[in-house]
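S.K.: Shown below is the structure under consideration.
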Amino acid sequence: MKIDGRTAIITGASTGIGRETARELARRGASVVLASRSREKLEAVAAGLPAPAARCLVVPTDVTDRLAVEGLIRRTAEEFGGIDILVNNAGVGLFAPIVGGSIDNMHHLFNVNFWGAVHCIQAAAPYMRSQRQGHIVNVSSVAGRIAPPLMGMYSASKFALIALSDAVRAELSGSGVAVSTIYPGLTETSFEENMMREAEMPGLPPFLRYATAATVARRIALAIRWRIRDVYIAPEDVAAVSLNTVAPQLVDWVVRNLWLIPFSPQPRDLALPPAEEEAEPSREQAEPPERPEA
Ligand SMILES: NC(=O)c1ccc[n+]([C@@H]2O[C@H](COP(=O)([O-])OP(=O)(O)OC[C@H]3O[C@@H](n4cnc5c(N)ncnc54)[C@H](OP(=O)(O)O)[C@@H]3O)[C@@H](O)[C@H]2O)c1
C-alpha cells in the first residue's frame with residue numbers, strides 16, 4: 000500500500016519504536032494519529048514531526064481500556080474519513096520468574112501487549128473492511144519466537160500476538176486488509192527502563208547488538224508499502240529463530256549457559272508455602288472445644 004496520503008494510527012507513539020514509526024510514516028506523507036497514555040509526550044512528538052505529514056492528531060489513549068480505544072478509532076474516522084493503517088506497537092516488559100512472579104504484573108502485561116492489540120483490531124478492522132483496504136501491523140518480538148528465562152510472560156504475550164496476527168490475516172483475506180508481524184530484537188529505546196522488574200536484571204553479554212528504533216520504523220514502513228507478512232530486523236535474529244526451529248535443545252543450552260539463567264532464582268530461593276504440620280494452628284486447633292456440661 001502506498002503510504003502517501005493514508006491515515007495511520009500508531010499506539011505507543013510517545014517514545015521509542017512508536018515515535019520513530021510516526022516520524023517515518025509522516026515523512027512518507029501519511030496523516031498520523033498518535034496514541035499512548037501521556038498527552039504531554041505525544042504533543043512533543045507531534046511538534047517534532049518532519050514534513051510533509053499531511054495532518055497529525057493526538058489522542059491520549061490507554062489501550063487496556065476498550066471504550067477508550069473505540070473512542071480513538073471513532074475520532075480518527077470522523078476526522079480523516081477512514082483508517083488505512085493501524086500499528087499495534089504499545090507494549091511493556093516484565094522481568095520476573097513464572098513461579099513466584101506477581102500475577103497482577105502478568106495480567107497488566109497481557110492487558111497492554113495482547114488485549115490492547117485485540118481492542119484496536121476489533122475497533123479498526125470494520126472500517127478497513129468497509130473501505131476494502133487497510134493494513135494492520137502488530138509489533139511482536141524475537142522473544143515471541145524464543146522464550147528467554149525471566150521473560151516468560153513477556154514472551155508469552157508476544158507469542159500470542161503472533162497467533163493473533165496469523166489468524167486475523169486468514170480471517171480478513173479477500174477483504175483488502177493485510178496483516179504484518181514485526182519481530183524486533185534488542186532495540187535502543189526506553190523499553191528496559193520502563194520494564195516492570197521483580198528480579199535484578201543482569202547486563203547482557205557484550206556480543207549482542209542493539210538496533211535503532213529508526214531502523215525498526217523503516218522496516219515497519221516497508222512492511223506496509225510491500226504488504227510483507229513477517230519482518231525481522233537483524234540477520235542474527237533470523238539466525239537465532241531458525242536455529243530454534245531446527246535445534247531447540249541447542250538454543251536452550253545457549254540461553255541457559257550464556258544468557259540469564261545463571262542469575263535466575265534457584266528453587267531454594269523461592270518461598271514455599273508452609274507444610275501442613277508447620278502451618279499456624281487454626282483457632283479451632285489451638286483452643287480445644289469446650290466440653291458440654293455434664
Ligand atoms: N526495545 C526493545 O528491545 C524491543 C524488542 C522487541 C520488541 N519490542 C516491542 O516494541 C514495542 C515498542 O517498545 P519500545 O521499545 O519502543 O519501548 P518504550 O520506549 O518503552 O515504548 C513503549 C510505548 O508503549 C506505550 N504504552 C505503554 N503502556 C501503554 C498503555 N497501557 N496504553 C497505551 N500505550 C502504552 C508507552 O507510552 P505511554 O507511557 O505514554 O503510555 C510508550 O509509547 C513494544 O511492543 C515492545 O514490546 C521492543
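Each residue of the sequence shown is one higher than the one before, counting from 0 in numbering that gives the first Met the number 0.
Here a beta-carbon is modelled for each residue, glycine too, at the ideal position from N, C-alpha and C.
(1) Given residue 146, which residues of its chain have a CB within under 6 Å of its CB, disregarding the five upstream and five downstream residues?
(2) What are the uninterrupted segments assigned as alpha helix (DSSP H) that are 4 or more residues long and contained completely in the stretch 3-36, given in chain order?
(3) According to DSSP, simplified to helix, strand and coil, what is residue 88?
(4) Can you name, in chain order, every residue of its own chain whose Cβ lies under 8 Å from the Cβ of residue 167, other than the five neighbours on each side?
(5) Could you check whether residue 30 and residue 65 sit closer than 8 Å to each other, using their CB atoms as the reference points?
(6) Please name the residue in 104, 93, 76 and 94 whose C-alpha comes closest to that of residue 122.
(7) To the nearest angstrom, how far is it from the Cα of residue 218 to the Cα of residue 232?
(8) By DSSP, does residue 158 sit in helix, in strand, or in coil?
(9) May I have a chain-ordered list of the beta strand (DSSP E) segments no shorter than 3 residues that lie completely inside the stretch 163-213?
(10) In whole angstroms, what is the alpha-carbon distance linking residue 88 and residue 252?
(11) Is the separation between the beta-carbon of residue 85 and that of residue 59 shorter than 8 Å?
(12) Out of curiosity, what's the CA-to-CA distance linking residue 184 and residue 113?
(13) Can residue 12 and residue 44 be called in contact, C-beta distance under 8 Å?
(14) Identify the continuous alpha helix (DSSP H) that holds residue 70 and give its terminal residues.
(15) Just checking residue 223 against ligand 1 - is the residue's beta carbon closer than 7 Å to any of the ligand's heavy atoms?
(16) Return helix, strand or coil for residue 135, following the three-state DSSP convention.
(17) Go ahead and label residue 103 buried or exposed: buried means 16 or more other beta carbons lie within 10 angstroms of its beta carbon, across all protein chains shown.
(18) Check residue 149 in the structure and name its three-state DSSP category.
M.R.: The relevant details are as follows:
(1) 154
(2) 15-26
(3) coil
(4) 120, 124, 135 and 178
(5) no
(6) 76
(7) 7 Å
(8) helix
(9) 176-182
(10) 31 Å
(11) no
(12) 18 Å
(13) yes
(14) 65-79
(15) no
(16) strand
(17) exposed
(18) coil
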